[in-house]
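Shown next, in structure tokens, is the structure this report addresses.
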Amino acid sequence: MTAFWVSLRIVLPALLFVVPLGAALGLYLARGRGMARSIVDGLVLVPLVLPPSVLGYGLLLVLGREGTIGALIERWFGARLVFTSAGASIAVAAVALPLMAKGAEAAFARVDRELEEVAEVNGLGRAATLRLVTLPLALPGLGVATTLAGLRALGEFGATLTFAGYSSHTATAPLEVYFAMQQGDDSRALALSLALVAISVVAALVLRRWSRRA
Amino acid sequence: MTLSVDARVRAGSFDLDVRIEASAGVTVLFGPTASGKTLALRLIAGLVRPSSGFVRAGDVTFDEHGTFVRPSARGIGYAPQHGALWPHRTAREHLEPFANAARTTELLALVDLADCADRKPFALSGGERQRLAFARSLARDSKLLLLDEPFSALDDDARVRMGDVVRSHAERGATVLFVTHDREEARRLGTRFVTFAAGRTEARDTL
Numbered sequence: 000m001t002a003f004w005v006s007l008r009i010v011l012p013a014l015l016f017v018v019p020l021g022a023a024l025g026l027y028l029a030r031g032r033g034m035a036r037s038i039v040d041g042l043v044l045v046p047l048v049l050p051p052s053v054l055g056y057g058l059l060l061v062l063g064r065e066g067t068i069g070a071l072i073e074r075w076f077g078a079r080l081v082f083t084s085a086g087a088s089i090a091v092a093a094v095a096l097p098l099m100a101k102g103a104e105a106a107f108a109r110v111d112r113e114l115e116e117v118a119e120v121n122g123l124g125r126a127a128t129l130r131l132v133t134l135p136l137a138l139p140g141l142g143v144a145t146t147l148a149g150l151r152a153l154g155e156f157g158a159t160l161t162f163a164g165y166s167s168h169t170a171t172a173p174l175e176v177y178f179a180m181q182q183g184d185d186s187r188a189l190a191l192s193l194a195l196v197a198i199s200v201v202a203a204l205v206l207r208r209w210s211r212r213a
Numbered sequence: 000m001t002l003s004v005d006a007r008v009r010a011g012s013f014d015l016d017v018r019i020e021a022s023a024g025v026t027v028l029f030g031p032t033a034s035g036k037t038l039a040l041r042l043i044a045g046l047v048r049p050s051s052g053f054v055r056a057g058d059v060t061f062d063e064h065g066t067f068v069r070p071s072a073r074g075i076g077y078a079p080q081h082g083a084l085w086p087h088r089t090a091r092e093h094l095e096p097f098a099n100a101a102r103t104t105e106l107l108a109l110v111d112l113a114d115c116a117d118r119k120p121f122a123l124s125g126g127e128r129q130r131l132a133f134a135r136s137l138a139r140d141s142k143l144l145l146l147d148e149p150f151s152a153l154d155d156d157a158r159v160r161m162g163d164v165v166r167s168h169a170e171r172g173a174t175v176l177f178v179t180h181d182r183e184e185a186r187r188l189g190t191r192f193v194t195f196a197a198g199r200t201e202a203r204d205t206l
């Protein structure tokens, strides 16, 4: 069970960051136009198409103890990210963000523009239109995107291991499966794997329900 | 309020050269389907930009060269062609963002929807949906009303009643642009007419 607590302590903070940022990116991708949108679209996709180990290595180069930003963080705040749950959260967030952003883009793109236009012309500002019209209509799609991003975060292995390493703070369920196997503890590896499968099945059922509504 | 439009606007391969002068009263935009009437309303609403020319209301320039007033700041009441009702909101909730509770109740009664206040669009008939979209356009008591075939799904009696509501709004000083391709309705409501054909407009006193 410890492995799942570690996973939750890493995944939940990551999602607190990924969900709003990914939704905002999705809104921009669905409504934006021109060159800037294309560039953002391309950048958002990069973590999705890179091997997770390469992404983790990239994070290490930037945020690791020797990294440009990582060294500054250590000097100013005396904190380091490698081998900490915060570091693992960053790795997990980097991998989950594209799924949230692309899922949110699809959710917002499905909202009929005319429903927003009629709100605006009748006098609702952009924020009120977003709150009263766009977000409620995109909500089922945003639920699907959040679930997909959450599942990807929960199953993250490569980037977490490469960037945050394996320690008591970063030993998420997928990492534990791998290290239990390495240590010949097959029953532990099997138990963790079955639990991950069960979570995925439940999530898939929830997704099916939400997808129908979206 | 005097509305003054002299602009060129393009939508896909369709070019429209639109000239409209309208003041308090009901100006009917009349013409066959796909003659640019809706496009003209969208131009005035700020939903499409002109390639040249201007859109002005009173002393305010809505759209010309670098000047652009956001749709929400134009003080317009708008009922688009197919209503564009919000599927997740009840009839009452369509009006609440624009009017207080008393005015909301009054408006629902005005368009014969008092009994449907808590229904969502899927539970309303075609005519009820159009009357709700019309009520929403009235909710802020705007001085400029853009109504795009607002009563096409109503029976004759309801059409006449809702037409009276439009006229009384205009008599209180509002400038109403009313799109229709129904000649009888146009003559009944219009005080001035703008006809649309072949990508051009023509102002007329009679139809």
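Line by line, the protein sequences give chains A and B. Residue numbering for the first sequence follows numbering that gives the first Met the number 0, starting at 0 and increasing by one per position. Residue numbering for the second sequence follows numbering that gives the first Met the number 0, starting at 0 and increasing by one per position. Each residue gets a CB set at the ideal place from its N, CA and C atoms; glycine is no exception.
Measure from the C-beta of residue i to each C-beta in chain A and report whether the shortest distance is under 8 Å.
i      : result
B:P70  : yes
B:F97  : yes
B:R139 : yes
B:L153 : no
B:R128 : no
B:A122 : no
B:S136 : yes
B:L46  : yes
B:P49  : no
B:H180 : no
B:H168 : no
B:H87  : yes
On the three-state DSSP scale, how would you describe residue i?
i      : result
A:E65  : coil
B:E201 : strand
B:A21  : strand
B:S3   : strand
A:T171 : coil
B:T103 : helix
A:R8   : helix
B:L28  : strand
A:R207 : helix
B:T190 : coil
B:R9   : strand
B:A108 : helix
A:D185 : helix
B:F177 : strand
B:A138 : coil
B:A98  : coil
B:L153 : coil
B:L146 : strand
B:L131 : helix
B:D114 : helix
Starting from residue i, find everything on chain A with Cβ-Cβ shorter than 7 Å and list it in chain order.
i      : result
B:D19  : Residue identity check: residue 19 of chain B is Ile in the sequence provided, not Asp. Neighbours of B:I19 on chain A: none; closest Cβ ~17 Å, over 7 Å.
B:P149 : Result: empty, since nearest Cβ-Cβ is about 12 Å, beyond 7 Å.
When you compare the CB of residue i with every CB in chain B, is at least one pair closer than 8 Å?
i      : result
A:P135 : yes
A:V132 : yes
A:L147 : no
A:V120 : yes
A:L26  : no
A:L47  : no
A:L114 : yes
If residue i and residue j are in contact, beta carbons under 8 Å, what's the gap, nearest whole angstrom?
i      : j      : result
A:P51  : A:A158 : 4 Å
B:H180 : B:F13  : At roughly 17 Å, the Cβ-Cβ gap does not stay under 8 Å, so B:H180 and B:F13 are not in contact.
B:P149 : B:A173 : Their Cβ separation, rounded to whole angstroms, is 14 Å, which puts B:P149 and B:A173 out of contact at 8 Å.
B:S34  : B:F195 : 4 Å
B:F97  : A:N121 : 6 Å
A:L153 : A:S37  : Incorrect: roughly 31 Å between the Cβ atoms, too far for contact.
A:A22  : A:L141 : 6 Å
B:R130 : B:V110 : 4 Å
Using a cut-off of 8 Å between C-beta atoms, extract the partners of residue i located in chain B.
i      : result
A:A127 : P96
Which residues of chain A have a Cβ atom closer than 8 Å to the Cβ of residue i, listed in chain order?
i     : result
B:L28 : None at all; the shortest Cβ gap to chain A is about 16 Å.
B:R9  : Chain A residues near B:R9: none, gap ~17 Å exceeds 8 Å.
Taking C-beta pairs closer than 7 Å, name the residues in chain B that residue i reaches, listed in chain order.
i      : result
A:G124 : S71
A:V117 : Y77, P79, A83
Using the beta-carbon of each residue, which ones in chain B are nearer than 9 Å to residue i?
i      : result
A:V143 : The premise fails here: A:V143 is roughly 17 Å from chain B at the closest Cβ pair, so nothing lies under 9 Å.
Residue i touches chain A at which residues, Cβ-Cβ below 9 Å?
i     : result
B:G35 : Neighbours of B:G35 on chain A: none; closest Cβ ~18 Å, over 9 Å.
B:P31 : Going along chain A, no residue has its Cβ under 9 Å from B:P31, so there is no contact; the nearest lies around 22 Å.
Do residue i and the ligand NAP come close, with the Cβ less than 7 Å from some heavy atom?
i      : result
B:A134 : The ligand NAP is not part of this structure, which contains no ligands at all.
Compare the C-beta of residue i against all C-beta atoms of chain C and say whether one is closer than 8 Å.
i     : result
A:S88 : Checking the listed chains, one finds no chain C in this structure; the protein chains it contains are A and B.
Inset, instruction - Please specify which runs of the beta strand (DSSP E), each continuous and at least 3 residues long, are wholly inside the segment 32-93 of chain B, giving them in chain order. - result: Taken in chain order, the unbroken stretches of beta strand (DSSP E) that lie wholly in the segment 32-93 of chain B and span 3 residues or more are 51-56, 59-63, 75-78.
Inset, instruction - Please list the segments of the alpha helix (DSSP H) lying wholly inside the segment 92-129 of chain A, counting only runs of 4 or more residues, in order along the chain. - result: Segments of the alpha helix (DSSP H) lying fully in the segment 92-129 of chain A: 112-120, 125-128.
Legend entry - Whole runs of the alpha helix (DSSP H) within the segment 11-86 of chain A, excluding any shorter than 4 residues: If we require 4 residues or more, the alpha helix (DSSP H) runs fully inside the segment 11-86 of chain A come out as 33-48, 51-62, 67-76.
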